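Participant: Got a structure here, written out as structure tokens. Questions coming.
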Amino acid sequence: MNLSTNQAQQTYDVLIVGSGASGGWAAKRLSEAGLKVAILEAGRPQSSANFSEHTPKFKLKYRNMAPEIFSKSRPIQSKVYAFSEYTANWYCDDSEEPYTTAPGKPYNWLGRTRVVGGRMNIWGRICIRYSDWEMEAPSRDGYGEPWPLEYKDLAPYYDLVERYIGVNGMAEGLEERPDGVYQPPFPLTCLETHFRNRVKQKFGRTTTLQPTAVLTQSLNGRGACHYCGPCERGCMTRSYFNPVFTTVADAVLSGNCTLTTNAMAYQVLMDPDRNRARGVSYIDRNTKETREINGRVVILCAQTQESVRILLNSATPQHPGGLANASGVLGHYFTNHIANSGASGEFPEFGAKPSLGGPVRPAGVYIVPFRNIKGQAPRKDFLRTYGYEGYASVDFNWSAHGYSEAYKKALHTPQVAFSIGGWGETLPRFDNFVEIDSTVKDAYGIPVIKIHMSDGENEDAMSIDVVESAAEMLDAAGAKNIRLHPKPAIPYRPNHEAGMARMGSDPKKSILNQYQQAHEIQNLFVMDASGFPTNPSPNPALTIMAVCVRSCDYLMEELKRGEI
Amino acid sequence: MPENSDASPIGTKSHTSFSTEVISRRELSTRLLGLTAAFSLAGSHPAWGSLLASTGSDVADANWKPLFLRANYEAVQSLAEAIIPGSTNALVAPFIDLLLSVDNPARQNRFLEALSAIQTESNRRFDTPFQKLSPTQSDSLLAMVSTAPEGSSLLSSFEELRRWIADAYYSSEPGMMELGWTHNMFFRSLPSCTLPEANL
């Protein structure tokens, strides 16, 4: 959908850039409250016609077995776990939308989706709350800035978001991992139950089901999961949370929201006399024409690097280092998660007949953080903590020997494995940052970012502990043939980027206040993970949504009071 | 897409000590329609289209004109059938040819070198290429190469070819069905553990 001339001349109450986790929620919350909202989405329209979760491999031309066909168009995007021949065109063309990296610091910027709903089309659906202990970590260890809000500020918004998106999980009653508002959980398998019990007995550590935004009970016109498996290819029963058929759909249905697709946001447009944002310029992906749209408030929800890129590209004489960057920290303190080390082991005694014909549970298990938690002496080798995500699998024996009928028979010997990998916090460091690379523009003429990102000693030490502790737990559970998976030379970077426009109480050290409002520009907000001062170990999407809704409520109050 | 009849639930599927019910198309549709009553798109729920539509078809068909293998095509066809019976019916050779035609030179060469190693051994032992061997001869050759010493180039060549053939076969409809795939994608529940320790 493109704006008509009239729409282009209209001034909306709120412009929202992006329609993913936060953009969808901002649009829903604000439009349902009666504000006139416009969403600019860089990607194409998305609908269930594009979903392919029930399409078997043999219906695909290359059966998802020809990675080379994406070597030119999507050499980076094809590295993300959810990428496949089924959904390749949900991702940006890397050749059209490049970025650069610092010498010796390779960085795979993954999950750059270009469809309505953004990354939430392909997300892992894991919804874990942050705890006060994690949010206060900088105050304890002196590294980075603490969050300018507390768990009690977020708790009601976690509740609200979880009730709407539908999260199933097991309440465990742990202070270090607050429980959510859960639908009945998926059941654990016998192997997972065995592992959970042994690890609890031996170490006191908690293995639980990953709290997952997949319905086990119908909710608001969405059906319960039917266990087909590949949520990342869509869901005809709308059982997993995706803004396309939830928040964005609600916003549009309110009658107060205009969704403009194929709109690559370029700059926040400023009124220099009033130091206020007045709109957004964007490039129409189809025509490559530059257009402008006006709004009383601008909210960036474009994804961490994308939002920061817009702020940096929006520099003006009044804001020479990028918008709202008097502190000089815009683009700095880039964080992600460590997510590439762990261990696996075999449990042949839990053998079950492998089959492609059974139900698939769209969630794994989660081991609650047990390092550097409250009541423990802090580790000497690293700060902060990590949790594990893992899964038990029963697979065919693809290493079977022989040929003909003997091979076919051997293939059915069950291979039972349990794999766990650590997901840990990376420290926010000033020297992990992005900047505009003025020598390179994308296919739409927008200057790209240059990413400077590397792990430090803390991440390396944490990764070592992740591997050792994983092996220790597998051993305690009786695993055979334990294999260690140390951190690779080029780390896998999940879609968990955060920071670079951080929230904080001190405008000299931060870009945004606790409501994700720019300290320097009253009507400019950044409601994705850019504002996170730290990147605690849980997957960030749930907190992105909860913080966003809280900020939207603040915005509405401020608008009512005439403060914006 | 599900090809189950419209009959009521088609029964239970044995899964070791677990049991899992599947949902019939009719039941699913009924449930979805009920669920969508309050939804703005009721009456045009995508579930209908998804349930009723059929998807695309294989490109690699029986009249395949080789794109990459050309002179080696027959050999691959014979090897595939000998290594995994049913490969001809599953159109394994055309599909491998299709994959190789878009692959990178390193992987293409690795395949051709593996094929060449088997052909060399076939010529050495029987003075004839693999595709011309009698069933007894081909069985004898495969028995030898599949048990060649660990680390030998013959064994690694055999395993390279078998990997391609297995990948192609078990991603075909007949191959997937051998692995238990049934067209059904709708299940009412997940298996749960019935061991006593599940209740600890």
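Residue numbers (the numbering used here), protein chains in the order written: chain A, 575 to 1138; chain B, 61 to 260. Ideal Cβ positions, reconstructed from N, Cα and C, are used throughout, including at glycine. Predicted model only: the values in this text are computed from it and were never measured.
(1) For the region 607-628 of chain A, enumerate the residues whose C-beta is nearer than 9 Å to any C-beta of chain B, in chain order.
(2) Give a yes or no on whether 7 Å exceeds the smallest Cβ distance from H800 (chain A) to chain B.
(3) Could you round the C-beta distance between H1026 (chain A) and D1011 (chain A) to whole angstroms and report it? I think they count as a contact, below 8 Å.
(4) Whole angstroms is fine: what's the gap from E659 (chain A)'s alpha carbon to Y636 (chain A)'s?
(5) Just mark I590 (chain A) as buried or exposed, buried being the case when its beta carbon has 16 or more other beta carbons within 10 Å.
(6) Is the closest heavy atom of the ligand FMN to the C-beta of E1131 (chain A) under 6 Å?
(7) With distances taken Cα to Cα, identify the nearest neighbour of K982 (chain A) among B:E238, B:R184 and B:S252.
(8) What residue range is occupied by the uninterrupted alpha helix (DSSP H) comprising I1010 (chain A)?
(9) Can you find a CB in chain A that lies within less than 7 Å of the CB of W241 (chain B)?
(10) Distance cutoff 7 Å, beta carbons only. Does N164 (chain B) sit that close to anything in chain A?
(11) Put P846 (chain A) into one of helix, strand or coil per three-state DSSP.
(12) Since D668 (chain A) is in the beta strand (DSSP E), which residue starts that stretch and which ends it?
(13) Measure the C-alpha to C-alpha separation of T767 (chain A) and G1073 (chain A) and round it to an integer number of angstroms.
(14) Comparing the C-beta of M204 (chain B) with each C-beta of chain A, is any distance below 7 Å?
(15) Comparing C-alpha positions only, which one of B:W241, B:A120, B:L139 and B:L127 sits nearest to S206 (chain B)?
(16) Checking contacts by CB at 7 Å: is G931 (chain A) closer than that to chain B?
(17) So, with DSSP's three-state summary, where would you put Q168 (chain B)?
(18) Shorter than 7 Å from the beta carbon of T661 (chain A) to some beta carbon of chain B?
(19) Note down, one range per segment and in chain order, each beta strand (DSSP E) of at least 3 residues found wholly within the region 1013-1045 of chain A.
(20) Is there a Cβ from chain A that is less than 7 Å from the Cβ of S147 (chain B)?
(21) Suppose the cutoff is 7 Å on Cβ atoms and the five residues either side in sequence are ignored; what does the same chain contact list for T687 (chain A) look like?
(22) Along the chain, which unbroken stretches of the alpha helix (DSSP H) at least 4 residues long are found entirely within the region 752-815 of chain A?
(23) According to the neighbour-count rule (16 or more other Cβ atoms, all chains shown, within 10 Å of its Cβ), is N1097 (chain A) buried or exposed?
(24) Measuring straight from C-alpha to C-alpha, what distance separates S901 (chain A) and K1082 (chain A)?
(25) What residue from A:I912, A:I1020, A:Q879 and A:F970 has the CA that sits closest to S1111 (chain A)'s CA?
(26) Please report the straight-line C-alpha distance between T890 (chain A) and V1008 (chain A), rounded to a whole angstrom.
(27) Would a check of beta-carbon distances place Y856 (chain A) closer than 7 Å to chain B?
(28) Would you kindly report the start and end of the unbroken beta strand (DSSP E) that includes C831 (chain A)?
(29) Between which two residues does the alpha helix (DSSP H) carrying Q137 (chain B) extend?
(30) Is the distance from the Cβ of P742 (chain A) to the Cβ of P759 (chain A) below 7 Å?
(31) With 7 Å as the C-beta to C-beta threshold (strictly closer), list the residues of the region 756-774 of chain A near chain B in chain order.
(32) Report yes or no: is there a C-beta of chain B within less than 7 Å of the C-beta of Y632 (chain A)?
(33) Using a C-beta cutoff of 7 Å, does G829 (chain A) count as contacting chain B?
(34) S114 (chain B) by DSSP, collapsed to three states: which one?
(35) With C-beta atoms as the reference, is V818 (chain A) less than 7 Å away from G698 (chain A)?
(36) Would you tell me roughly how many angstroms separate the C-alpha atoms of F155 (chain B) and G1019 (chain A), rounded to the nearest one?
Facilitator: Walking through what the data contain:
(1) S621, S622, A623, F625, S626, E627 and H628
(2) Taking the first sequence and counting its residues from 1, one reaches residue 800 (chain A) at position 226. Interface residue, yes.
(3) For this step, residue 1026 (chain A) is matched to residue 452 along the first sequence. For this step, residue 1011 (chain A) is matched to residue 437 along the first sequence. Not quite, the Cβ-Cβ distance comes to about 11 Å (not below 8 Å), so this is no contact.
(4) Taking the first sequence and counting its residues from 1, one reaches residue 659 (chain A) at position 85. Taking the first sequence and counting its residues from 1, one reaches residue 636 (chain A) at position 62. Each residue's alpha carbon lies about 8 Å from the other.
(5) Taking the first residue of the first sequence as 1, we reach residue 590 (chain A) at position 16. So I590 (chain A) ends up on the buried side.
(6) The ligand FMN is not part of this structure, which contains no ligands at all.
(7) Within the first sequence, numbered from 1, the residue matching residue 982 (chain A) stands at position 408. If we check each option's Cα against that of K982 (chain A), B:E238 comes out closest.
(8) Stepping through the first sequence from its first residue, residue 1010 (chain A) is reached at position 436. Here I1010 (chain A) belongs to no alpha helix (DSSP H); instead the beta strand (DSSP E) covers F1007 to K1015.
(9) For the purposes of this step, residue 241 (chain B) is taken as the residue at position 181 of the second sequence. Yes - at least one Cβ of chain A is within 7 Å of the one on W241 (chain B).
(10) Taking the first residue of the second sequence as 1, we reach residue 164 (chain B) at position 104. At least one chain A Cβ lies under 7 Å of N164 (chain B).
(11) The count along the first sequence starts at 1 and reaches residue 846 (chain A) at position 272. In this structure, P846 (chain A) counts as coil in the three-state DSSP scheme.
(12) On the first sequence, position 94 is the one that residue 668 (chain A) refers to. No beta strand (DSSP E) contains D668 (chain A), which DSSP labels as neither H nor E.
(13) The count along the first sequence starts at 1 and reaches residue 767 (chain A) at position 193. The count along the first sequence starts at 1 and reaches residue 1073 (chain A) at position 499. Rounded to the nearest angstrom, the two C-alpha atoms are 37 Å apart.
(14) The residue given as residue 204 (chain B) occupies position 144 in the second sequence. So, not an interface residue.
(15) One-based indexing of the second sequence puts residue 206 (chain B) at position 146. It is B:L139 whose Cα lies nearest to the Cα of S206 (chain B).
(16) Walking along the first sequence from the start, residue 931 (chain A) turns up at place 357. Closer than 7 Å to some Cβ of chain B, the Cβ of G931 (chain A) qualifies, so yes.
(17) As a first step, residue 168 (chain B) is located in the second sequence; it is residue number 108 there, counting from the start. DSSP places Q168 (chain B) in helix when its eight states are reduced to three.
(18) Mapped onto the first sequence, residue 661 (chain A) falls at position 87. So, not an interface residue.
(19) 1021-1026
(20) Within the second sequence, the letter at position 87 stands for residue 147 (chain B). For S147 (chain B), the answer is no, since every Cβ of chain A falls outside 7 Å of its Cβ.
(21) By one-based count along the first sequence, residue 687 (chain A) stands at place 113. Counting only Cβ-Cβ distances below 7 Å, and skipping sequence neighbours, we find G617, W664, Y665, R693, N695 and I696.
(22) 764-777
(23) Start at 1 with the first residue of the first sequence, and residue 1097 (chain A) comes out as number 523. Classification for N1097 (chain A): buried.
(24) Residue numbering aside, residue 901 (chain A) sits at position 327 when the first sequence is read from its first letter. Residue numbering aside, residue 1082 (chain A) sits at position 508 when the first sequence is read from its first letter. Distance between the alpha carbons of S901 (chain A) and K1082 (chain A) is about 5 Å.
(25) Here residue 1111 (chain A) is taken as the residue at index 537 of the first sequence, counted from 1. That would be A:I912, whose Cα lies nearest to the Cα of S1111 (chain A).
(26) Taking the first residue of the first sequence as 1, we reach residue 890 (chain A) at position 316. Taking the first residue of the first sequence as 1, we reach residue 1008 (chain A) at position 434. T890 (chain A) and V1008 (chain A): Cα-Cα distance of roughly 19 Å.
(27) Position 282 of the first sequence, counted from the start, is the residue given in the question as residue 856 (chain A). So, not an interface residue.
(28) Taking the first sequence and counting its residues from 1, the one referred to as residue 831 (chain A) is at position 257. Residues C831 to T834.
(29) In the second sequence, residue 137 (chain B) corresponds to position 77, counting from 1. Looking at the DSSP string, the run of the alpha helix (DSSP H) that includes Q137 (chain B) is Y133 to I143.
(30) If you number the first sequence from 1, residue 742 (chain A) lands on position 168. If you number the first sequence from 1, residue 759 (chain A) lands on position 185. Note that residue 742 (chain A) is Asn in the sequence shown, not Pro. Yes. Within cutoff.
(31) F760, P761, L762, T763, C764, T767, H768 and N771
(32) For this step, residue 632 (chain A) is matched to residue 58 along the first sequence. First, the residue type needs correcting, since residue 632 (chain A) is Phe and not Tyr in the sequence shown. Yes - at least one Cβ of chain B is within 7 Å of the one on F632 (chain A).
(33) Mapped onto the first sequence, residue 829 (chain A) falls at position 255. Output row for G829 (chain A): interface = no.
(34) On the second sequence, residue 114 (chain B) is found 54 positions in, with the first residue counted as 1. For S114 (chain B), the predicted model reports a pLDDT of 38, less than 50, meaning its position is unreliable; a value from the coordinates is still stated below. It is coil, neither helix nor strand.
(35) Your numbering for residue 818 (chain A) matches position 244 in the first sequence. Your numbering for residue 698 (chain A) matches position 124 in the first sequence. No. Outside cutoff.
(36) Taking the first residue of the second sequence as 1, we reach residue 155 (chain B) at position 95. Taking the first residue of the first sequence as 1, we reach residue 1019 (chain A) at position 445. Spanning the two alpha carbons is a distance of roughly 41 Å.
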